[in-house]
Each structure stands twice: as C-alpha cells, then as structure tokens.
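Following: one structure in structure tokens, then a few remarks.
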Amino acid sequence: MAKTKVEKDQNGADVALAQPKGKPVKEAERFSAETYLNWYEIMLRIRRFEEKAGQLYGQQKIRGFCHLYIGQEAVAAGTISALQADDPIITAYRDHGMALARGISSNECMAELYGKATGCTKGKGGSMHFFSKEKKFFGGHGIVGAQIPLGAGLAFAEKYKGNANVVACFFGDGAARQGALHETFNMAMTWKLPVIFLCENNLYAMGTSVARSSNVIDLKKLGSAYDMPSYDVDGMSCEKVHDAIASAAEHCRSGKGPVFLEVETYRYKGHSMSDPAKYRTKEEVEEYKSKDPIETTLSTMLKKKFVTMAEVEAINQRIMEEVDECVKFAEESPYPDPSEIYTDNYMQQDYPFITD
Amino acid sequence: METRKIPFRQALREAMVEEMRREESVFLMGEEVAEYNGAYKVSQGMLEEFSERRVIDTPISELGFAGIGVGAAMNGLRPIIEFMTWNFAVLAFDQIVNSAAKMLSMSAGQINVPIVFRGPSASAGQLGAQHSQSFENWMANVPGLKVISVSNPYDAKGLLKSAIRDDDPVCFFESEVMYGDMGEVPEEEYLIPIGKANVTREGDAVTIVSYNKMMKIAHAAADELAKDGIHAEVIDLRTIRPLDVETLVNSVKKTNRMVILEEAWPYGSVNTEITFQLQKHAFDYLDAPIKRVTTTDTSIAYAPTLVQAFLPNVDKVIQAVKSSMYVS
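Protein chains in written order, with the working numbering: chain A, 1106 to 1461; chain B, 308 to 635.
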C-alpha cells in the first residue's frame, strides 16, 4: 500500500500529502473493480438510508436529534477499505454513516432511529449512540470532542495488550476547538498511541464556520503543534481517503504513534434536522455537490468498464429495496418493554435501584 | 487472622499492588503516581515493581487522562485513575458522568467500563475554597456509578480491592489528612463488599451516621455522650451509592433517633437522601425529627476561625444528639 511521504515545510511542519512512492500510478488502476463496487455500495446505502431517515424525521417517525451524513460518504467508504475489521472505530453523534459502513445492518440502524428493541442499541441509544462491540464500533458519542480521549484510550488498550490494531477516532471541526483534543494529542504523542485522529472538517460547527471559530483555520496545524504527523485529505474522494488512512495506519502499526488527518468534506444537509443552514450560500452547497463522491465513483467505474449500467441499476435497486425493507422492519418491531429502563445501567445484576 | 498496624496510604497501596499482581489488565494512571512515588506517597514503589507500562505519569490534563482511562476500560482494561484531589477531578466530570456512567446503558449492555477513579476529597487544613470540597453526593446522584468513601485503613484496602474487581465504574474517596493514620489490617487477603454499611459502635439511644474522616468526629462525640450515659450507635456508610438503607432502618428501629454527620454542603447532600429513606421506611419508629450536622452552606475560607466555623465538630454533634433526645 501507498507510503506516506513526510516532508517538512520551512517552519518544520509536516507538509500535508499522502502520496504513493515510486512511479505514479493512476488511481483507478491501483484499486480493483471490487473495491470500487464496495465503495459505491457503501456510499449508496448511506445516502439512501439517510435520505429516508430525513423523510421519516419529517413524518415524526424518528424523534430526538438526528444528524445526517449525506455528502460525507466517501470518508466512511475510504475508511472501511483502508482498515482491518479488528481496528476499533469511534465517532461523534453524526454516526449513521460510519456504523452502516462498518457493517451494522440497515435494519438494526433504522430500528434504532425508531427507538425499537431490535435496534443496534435496543432503542436505548438513538441516533447519536449507535454501538456494536462485535464490529468494534465504539459509538456514537454526544458530547462534542469527548470521544477524542476515548479513542486514545481504545488505542492505549490495544498497545497495552500488544495488539497491532489501530484506532480510527473521528470528530468534526467543531470538536477540534475542545480542550480535550489538545490534552489527548499531547498524551497520544508522548505515549505513541496507535490512533488515527480524523477531523471530518465539513466547514461548520453547527452554524459557526471554521474561520469564525479560531485564528487558526488550517486545522492540521493543531496536530503539528504536538509534532504529530498531520496531513490534509480530500474527503470527497474515496481513493484519497483510503490512501491517507492506509498510510496513517501503517505509521501507527509500526509503533511510531498517532497521525492527524484533516479530512475536508461537506455535509449537504444542515447540522441536524432542525437546522435550515442559512449560514451558507446555495452556490457553496452546489459547488460541493458537483464533486459528489457517489457520482464521481460511479463515473470512474463506468469509464474503467468495471461495471455495466445494467449492473449499476441492479445495485441501485437492491439498495432501494434494502432501505424499504429496513423501514418495514423498524415499523413492525416492538418498542422496548418499559422494564428495560432498569437493564444495562450496571453490570451488577441485583443492583438496588432507588425506586421511589 | 494475623494483623499488623499500617498507615492508610499503605493499605491503599497494598490493595492496588495485590490487584495488579493478580490481574494483568489493571494499571495505575495519574499525576505524579510513578517517578514522584505519588503526591501523597500512596503509590510509593509501584513504578519499580510494575514499570512504566503499568504505572503511568500523566501531564496535568484531568479531562484527557480520565477519558483515556475510560476508553481503555471500554477496550478490555481495568484502569485505576488517581486524581491528586477530587477538586481537580471536576475538570474530568464530563468523562466520569457523560462517558463512564452512561456507556453501558447507551450501548445497551455491550460495553462496560470497569474503572476506579480515586483520590482524596474534602478539607485538609487551611487550603482555601478550591481545595476543600466534598463530591460524594455529586457522584452519588449519577446512575451508572458506584461511590465509596473510606474512613480507616482496613476499610480502604478491602473496599479498594472490591472496587478494582467491580465491573462497573467506581468513584473512591479518601482524605489527605488520613493518609498517615495507622490501623489494623490483616496479613491475609480480604475483600469488603460494596453496598454494605458498617455498625462501628453499638448503642441504643441514638444512631449517628457518617463516612470518611467525619467518622472520627462521630466516635469522639459518642465517647463524650457515653460519659453522660447516652449510648450512641455509630454507622459508617462506607458505600454512598448504592446506599445500605436496610442497616440504617434496622438501627433506627432500635434507637428511634438519628443524627447524620457529613462534611458536605447541606443542599441535596447524602443526608437528604438518607432522611427521605428513613421517613419512608421507619416513620413509625422515629421519636424525633432526624438531625443533621453538615458544613455551613457557604464556601470554606482560609482563616482558622472560618475553617472552624465551616466544619462540623464534636460539640455540634453532641448538641444535635441532645436536641433529638430533647435534653440539654
């Protein structure tokens, strides 16, 4: 896999580029037809799932806070292809996309949005708290930036146990302004923890643009401040996300410590379902939509004759049916029994709750 | 059982050392725990035995290292996170309250957090307003956590070992001014169960309930009262959450009176929950309203006169007992 070329600029900071070594190879030749098909399917599943979730939210079938991932799908797809199945993943509350990409089923995800007992967290987590221990998907966290030290802690455990696993720890540009990030970056570098910190920079912390949140708008400098290898990555490209994460993972697995990737991406929708996103222009949204990762991937696959239009239509049809089916599954599933409020609070089975 | 007298700090250290020898996944992390041998020498010698892999100095980043501890616990380890004082743990409350306490519930039982957050709390001389606070009631308010507050070396060792073995997150409260206290501790291994209070002195006139270093005041007051023929029963809560209501109710059935002594602010404190439980479960046994002796409802201050005015003392407890007995 591609090696990361670390160069220093005149200030000694790492220049941000993940590049394959040796002779340049065209992207579509470096990745197999199978990889492209997987990317396409993962991204399409997320897109259709999230579009449906948005509709259902409007119908009040889904309640609470709901943060959609539409536009950012290439980050999830490129992450999954670059990591091993045993590498833990942790993210924030915009977690549907990464959970689906990690292999939590559409049924379990939609049922969770419905608050049903068949959901991936039995209706206890909701939109913001998807988990799967089996898939090494460690949530789904609602306090902005709190998952950054948690991700480093997951990595601490992997290193302590002598495993070769690497943790992918995701957060947004808003979380990059939390003190927890700085404390964690410092310790992760000091202790050389095997964790990739991925800032999905979608340019807006809710309604506050990156530029309005700090004097430092080049987020990768936050990593450089701790001498952490830090790169920026085009988050609208599966190929580039994959390359950057594969290189970073190799760096981590070799015991050299963490890597910070600032992944430039864009959410087409508002921060949450209640956000009309009036802080940005239509033109800006359209500009990013013109770089849509699903369209781009499809066009590459067709150009390279990795797939026929008929095959694409079959995939599209299958995903549509899967999403329809998951809605049906969620609709027909039962809510958790009220007695479930007392389960899963403590491992101690006979914990004496105060009941009056 | 063979016993010997050892200081409080050694009892805590023995608990950690024994559990670390027993279980590879247990490690200690905190400020000055390793090379400095502990700000209060609780972890003295542990770096030498377990190396820097398992006894880990942190920078001054309470939020960060508490979160790293929680993450490590989510992924199969059993961390002991030492705070130099619980006052500094306030910076880490997000990770204790929002992450550790809620992880099992949010993940629907998939991911538990077997972690111990420990350190000293409450006043320790004239340390001013920011170094003297009690947090047992804060943490006890949070479902998902267990809360232990210890008053002597024997309890400290037995309960810390239980806390380390517990599969739920535990907040463990000590005291700076007790680390040198000597106490009888068996040579043999023992555990004290979480969730059980301890009747430390039997009596029939009144029940005095307390925990942590206020237990000394409770016993001193009981000694004084005995001179007047008033025989107080004294209960050390040991565990704050879950609360051992049964032991408290059984005592009041015998004494019919209760005084709760707590180094904590009065509003929403441990004594308010005890009072609620007692009026519910022992209403017909109470011959007088439950009394409490707490700190003043103010910040503590530096001057010795103000510290004295702030803290509970033996006289205040005696007055409360006599008031509950309608004697002067």
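The beta-carbon is built from N, C-alpha and C at its ideal position, and this holds for glycine as well.
Pairing residue 1174 of chain A with residue 1372 of chain A gives a Cβ-Cβ distance under 9 Å. For residue 546 of chain B, the enclosing beta strand (DSSP E) covers residues 546-548.
Under the three-state reduction of DSSP, residue 425 of chain B is assigned to strand.
The beta carbon of residue 1272 of chain A is closer than 6 Å to those of 1193, 1256, 1259, 1260 and 1300 in its chain, skipping five residues each way along the sequence. In the DSSP annotation of this structure, the continuous segment of the beta strand (DSSP E) that includes residue 1367 of chain A starts and ends at 1364-1369. Membership of residue 1409 of chain A in any beta strand (DSSP E) is not indicated, and neither H nor E is assigned to it by DSSP. At least 9 Å separates the CB of residue 547 of chain B from every CB of chain A. Residues of the segment 569-580 of chain B with a C-beta less than 7 Å from any C-beta of chain A: none at all. Contact check for residue 371 of chain B against residue 1369 of chain A fails: the beta carbons are separated by 9 Å or more. By the Cβ neighbour-count rule, residue 1381 of chain A is exposed, with fewer than 16 other Cβ atoms within 10 Å of its own. For residue 405 of chain B, DSSP assigns no beta-bridge partner whatsoever. Looking at the DSSP output, residue 565 of chain B bridges to B/514. Listed in chain order, the positions of the segment 1441-1454 of chain A with a beta carbon within less than 8 Å of a beta carbon of chain B are 1448, 1449, 1450, 1451, 1452 and 1453.
Distance between residue 483 of chain B and residue 310 of chain B, taken at the CA atoms: about 24 Å. For residue 1244 of chain A, the chain B residues whose C-beta falls within less than 9 Å of its own C-beta are 381, 410, 413, 414 and 418, listed in chain order. Around the beta-carbon of residue 365 of chain B, 16 or more other beta-carbon atoms lie within 10 Å, marking it buried. For residue 431 of chain B, the three-state secondary structure derived from DSSP is coil. Between the segment 554-561 of chain B and the segment 582-592 of chain B there are three or more C-beta pairs closer than 8 Å, enough to call the two in contact. With 16 or more other Cβ atoms inside 10 Å of its own Cβ, residue 406 of chain B counts as buried. Close CB contacts of residue 1440 of chain A within its chain, under the 7 Å cut and outside five residues either way in sequence, are with 1220, 1221, 1222 and 1228 (chain order). In this structure the segment 409-419 of chain B lies against the segment 1228-1239 of chain A, because at least three pairs of beta carbons, one per stretch, are closer than 8 Å. If you compare the alpha carbons of A/1203, A/1384 and A/1379 with that of residue 1308 of chain A, the shortest gap goes to A/1384. Counting other Cβ atoms within 10 Å of its Cβ, residue 1451 of chain A reaches 16 or more and is therefore classed as buried. In this structure residue 328 of chain B is exposed. Its beta-carbon is surrounded by fewer than 16 other beta-carbon atoms within 10 angstroms.
Inter-residue distance for residue 1248 of chain A and residue 531 of chain B is about 51 Å (C-alpha atoms, whole angstroms).
Distances from the CA of residue 1212 of chain A to each of A/1430, A/1458 and A/1350 were compared; the closest alpha carbon is that of A/1430. Taking a Cβ-Cβ threshold of 9 Å, the residues of chain B close to residue 1292 of chain A are 365, 366, 368, 371, 372 and 375, in chain order.
Residues of chain B whose Cβ lies closer than 7 Å to the Cβ of residue 1226 of chain A are, in chain order, 413, 414 and 415. Listed along chain A, the residues sitting closer than 7 Å to residue 405 of chain B by beta-carbon distance are 1248 and 1251.
Closest option to residue 604 of chain B, judged by alpha-carbon separation, among B/593, B/612, B/611 and B/617: B/617.
If you compare the alpha carbons of B/494, B/336 and B/550 with that of residue 374 of chain B, the shortest gap goes to B/336.
Residue 456 of chain B has a beta carbon lying at 9 Å or more from every beta carbon in chain A. With contact defined as three or more Cβ pairs closer than 8 Å, the segment 447-465 of chain B and the segment 314-324 of chain B are in contact. In this structure, the beta-carbon distance from residue 570 of chain B to residue 623 of chain B does not fall below 9 Å. Only residues of its own chain outside the window of five on either side were considered, and among them 601, 602 and 604 have a CB closer than 7 Å to the CB of residue 572 of chain B, listed in chain order. Look at residue 605 of chain B here: in three-state DSSP terms it is coil, with no helix or strand label.
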